[in-house]
Amino acid sequence: MKRLSIFIPHETGFIPALKDNPHIWVLRSLTKFYAIPGLRLGYLVNSNDAAVARMRRQQMPWSVNALAALAGEVALQDSAWQQATWHWLREEGARFYQALCQLPLLTVYPGRANYLLLRCEREDIDLQRRLLTQRILIRSCANYPGLDSRYYRVAIRSAAQNERLLSALRNVLTGITPAD
Numbered sequence: 001m002k003r004l005s006i007f008i009p010h011e012t013g014f015i016p017a018l019k020d021n022p023h024i025w026v027l028r029s030l031t032k033f034y035a036i037p038g039l040r041l042g043y044l045v046n047s048n049d050a051a052v053a054r055m056r057r058q059q060m061p062w063s064v065n066a067l068a069a070l071a072g073e074v075a076l077q078d079s080a081w082q083q084a085t086w087h088w089l090r091e092e093g094a095r096f097y098q099a100l101c102q103l104p105l106l107t108v109y110p111g112r113a114n115y116l117l118l119r120c121e122r123e124d125i126d127l128q129r130r131l132l133t134q135r136i137l138i139r140s141c142a143n144y145p146g147l148d149s150r151y152y153r154v155a156i157r158s159a160a161q162n163e164r165l166l167s168a169l170r171n172v173l174t175g176i177t178p179a180d
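Under UniProt numbering, think of the first position of the sequence shown as 1, with each following residue one higher.
Right under this line is the structure:
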C-alpha cells in the first residue's frame, strides 16, 4: 500500500475503501507530483479482479514507453525525495495559500496537491491573459465541467516564484497594470 499512497503523505486516500466499492476506480498520475509532464505516467486501481482483467484486455500494447517506465520505477523508489517534497509542499503550500487569501477579488480554495484553485470575482479580468503579459502562465479552468472563465489553477512553486506570482496578481487585481 505504501507505493499507492505516495501522493498524499501519511494517508492512503480512497484506495482502502475500494474493497467495499468495486464499481469505483482510482486513477493517479505521477506527472504532477514528480514534475514529469512529458512522460505521462500513472496507474489505475480497482478491487474487482474480473473488472481489472477486462480492462487489461482493452489495454493497448506498449501503453507505457520504456523511458516512462524506467523513470517511474526510479521515482517510486526515492522515498527520501518523497518525504522532502511532502514537507516542502506542506510548508510552502500553507504559506502560499495564506498569501493568496490576502489578495483582493480572489477566492482561494484549499487543496492538498501541488496546485491551488482560484476564482477571480470580476468576470471582466482575464487573469491568464493579464499575467501572460508579465511572462507568467497560469491554467485557465474554463473548460472544466462546472467551472467557468473566472477559475484558474496555480502551481505551488519555489518561494521566489510564488512571490513573483503574488506580486503580479496584486498588480492586476489592484489595477496597477494596464487595463484589458
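For each residue, glycine too, the CB sits at the ideal point set by N, CA and C.
This structure is a prediction, so every number in the text was calculated from the model and none was measured.
query: Beta carbon of residue 168, beta carbon of residue 136: below 9 Å?
result: As a working note, residue 168 is residue 168 in the sequence shown. As a working note, residue 136 is residue 136 in the sequence shown. Against a cut-off of 9 Å, the Cβ pair of residue 136 and residue 168 comes out as a contact.
- request: Please classify residue 162: is it buried, with 16 or more other beta-carbons within 10 angstroms of its beta-carbon, or exposed?
  value: The sequence position of residue 162 within the sequence shown is 162, counting from 1. With 16 or more other Cβ atoms within 10 Å, it is buried.
- prompt: DSSP puts residue 108 in a beta bridge; with which residues?
  reply: Residue mapping note: residue 108 aligns to position 108 of the sequence shown, counting from 1. The partner list for residue 108 (beta bridge, DSSP) reads 118.
field: Span separating the alpha-carbon of residue 166 from that of residue 119
entry: As a position in the sequence shown, residue 166 is number 166, starting the count at 1. As a position in the sequence shown, residue 119 is number 119, starting the count at 1. Straight-line Cα distance between these residues: approximately 15 Å.
query: In chain order, what residues of the same chain have a beta carbon less than 7 Å from the beta carbon of residue 29, not counting five sequence neighbours either side?
result: Position 29 of the sequence shown, counted from the first residue, corresponds to residue 29. Contacts found: 42.
- request: Determine contact between the region 38 to 54 and the region 68 to 77, defined as no fewer than three beta-carbon pairs at a distance below 8 Å.
  value: yes
- request: Pick helix, strand or coil for residue 97, following the three-state DSSP scheme.
  value: One-based indexing of the sequence shown puts residue 97 at position 97. Residue state, collapsed to three classes: helix.
field: Cut-off 7 Å between Cβ atoms - residues of its own chain near residue 154, not counting five sequence neighbours on either side
entry: Numbered from its first residue, the sequence shown carries residue 154 at position 154. Once the five neighbours on either side are set aside, the close Cβ partners of residue 154 are 115, 116, 118, 138, 165.
field: Continuous alpha helix (DSSP H) assignments of at least 4 residues falling wholly in the UniProt domain "Aminotransferase class I/classII large" (15 to 169)
entry: 31 to 34, 49 to 58, 66 to 77, 79 to 101, 127 to 132
- prompt: Quick one: what's got a C-beta closer than 8 Å to residue 21's C-beta in the same chain, skipping five residues either side?
  reply: If you number the sequence shown from 1, residue 21 lands on position 21. Excluding residues within five positions, the ones whose Cβ falls inside 8 Å are 47.
field: Pick from 63, 60, 92, 102 that is closest to residue 160, judged by C-alpha positions
entry: Stepping through the sequence shown from its first residue, residue 160 is reached at position 160. Closest by alpha carbon: 92.
- prompt: Exposed or buried, what is residue 54 when buried is set at 16 or more other beta-carbons lying within 10 Å of its beta-carbon?
  reply: The residue labelled residue 54 in the question sits at position 54 within the sequence shown. Residue 54 comes out exposed.
- request: Please list, in chain order, all residues of the same chain as residue 174 whose beta carbon is under 8 Å from its beta carbon, the five residues on each side excluded.
  value: For the purposes of this step, residue 174 is identified with residue 174 of the sequence shown, where counting begins at 1. These residues qualify, in order along the chain: 104.
- request: Go through its chain and collect everything with a Cβ distance to residue 122's Cβ below 7 Å, but skip five positions before and after it.
  value: One-based indexing of the sequence shown puts residue 122 at position 122. Here the set comprises 105.
query: Since residue 152 contacts residue 132 with CB under 8 Å, what's their CB separation in whole angstroms?
result: On the sequence shown, residue 152 is found 152 positions in, with the first residue counted as 1. On the sequence shown, residue 132 is found 132 positions in, with the first residue counted as 1. Actually they do not touch by this definition, with Cβ atoms about 12 Å apart.
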